[in-house]
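Take a look at the structure set out below.
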Amino acid sequence: GAVVSQHPSWVICKSGTSVKIECRSLDFQATTMFWYRQFPKQSLMLMATSNEGSKATYEQGVEKDKFLINHASLTLSTLTVTSAHPEDSSFYICSADDRGVGKLFFGSGTQLSVL
Amino acid sequence: SQQGEEDPQALSIQEGENATMNCSYKTSINNLQWYRQNSGRGLVHLILIRSNEREKHSGRLRVTLDTSKKSSSLLITASRAADTASYFCATDGGAAGNKLTFGGGTRVLVKP
Numbered sequence: 269g270a271v272v273s274q275h276p277s278w279v280i281c282k283s284g285t286s287v288k289i290e291c292r293s294l295d296f297q298a299t300t301m302f303w304y305r306q307f308p309k310q311s312l313m314l315m316a317t318s319n320e321g322s323k324a325t326y327e328q329g330v331e332k333d334k335f336l337i338n339h340a341s342l343t344l345s346t347l348t349v350t351s352a353h354p355e356d357s358s359f360y361i362c363s364a365d366d367r368g369v370g371k372l373f374f375g376s377g378t379q380l381s382v383l
Numbered sequence: 065s066q067q068g069e070e071d072p073q074a075l076s077i078q079e080g081e082n083a084t085m086n087c088s089y090k091t092s093i094n095n096l097q098w099y100r101q102n103s104g105r106g107l108v109h110l111i112l113i114r115s116n117e118r119e120k121h122s123g124r125l126r127v128t129l130d131t132s133k134k135s136s137s138l139l140i141t142a143s144r145a146a147d148t149a150s151y152f153c154a155t156d157g158g159a160a161g162n163k164l165t166f167g168g169g170t171r172v173l174v175k176p
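Given below as structure tokens:
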């Protein structure tokens, strides 16, 4: 099946710094990728839809200036958490749709801890 | 807000037993999918059932869909310790369009 690579797997950073998370589709082209946030023992909450070559679409309540998304190519989307604070600590997961097959392929997630 | 609500939230069974979990949703859908997540990992797609289908099988998995009740069930037969994970239903369609909306998940523990 399709493979989505996400890294880093985990990152610890100081409050106020920015962190970039990469999501790559390895064996298919993804015009659309999705970024989710997940708190412990909770479900995935969609943050934004990343569209190749255009601006991301953010869900209500998600600060676009806080969570910068760039989808510069058909195989790479990045999420940058700017000026991270402890409340941004969470598990972030990306996914990609293999050309409208209808099912999503997920990265392995990134655990972000902001000190 | 989440479209799907799952129950139970947690399930503990012995290896060899069957595990059943349910998902209810509120609006019309195109498809309903089930995903599995091991702790601290991404999600793995298990099975997709379309709105015009009522039942689907994949190996030890059996999924049913009742659109009149807006509910789905996932049955794992002859469970194994390796089935220990969280299971999420996800729906698309309706107001959400093609975006997937995930349920709260069921945490399954299979004891050897």
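Order-wise, the sequence lines are chains A and B. Residue numbering for the first sequence follows the numbering used here, beginning at 269 and increasing consecutively. Residue numbering for the second sequence follows the numbering used here, beginning at 65 and increasing consecutively. Using N, Cα and C, we set each Cβ at its ideal position, and we do this for glycine too. Predicted, not measured: the structure shown is a model, and the values here were computed from it.
Pairing GLY321(A) with SER358(A), the inter-Cα distance amounts to about 27 Å. Under DSSP, the beta-bridge partners assigned to ASN338(A) are THR346(A).
Boundaries of the beta strand (DSSP E) harbouring ASP130(B): 125-130, taken from the DSSP string.
Residue pairing by DSSP puts THR165(B) in a beta bridge opposite THR155(B). In the structure shown, ALA83(B) falls within a strand segment according to DSSP collapsed to helix, strand and coil. About 4 Å separates the CB atoms of LEU164(B) and ALA154(B); that is less than 8 Å, so the two are in contact.
At a cut-off of 8 Å between beta carbons, HIS109(B) contacts chain A. Close CB contacts of PRO176(B) within its chain, under the 6 Å cut and outside five residues either way in sequence, are with GLU79, ALA145 (chain order). Of ARG124(B), TYR99(B), GLY104(B), the smallest CA-CA separation from ASN82(B) is found for ARG124(B). Pairing GLN97(B) with GLY168(B) gives a Cβ-Cβ distance that is not under 8 Å. For PHE296(A), same chain residues with a beta-carbon under 6 Å away, outside a window of 5 residues either side, are ALA270, ASP366 in chain order.
The Cβ atoms of ILE280(A) and SER381(A) lie closer than 8 Å to each other.
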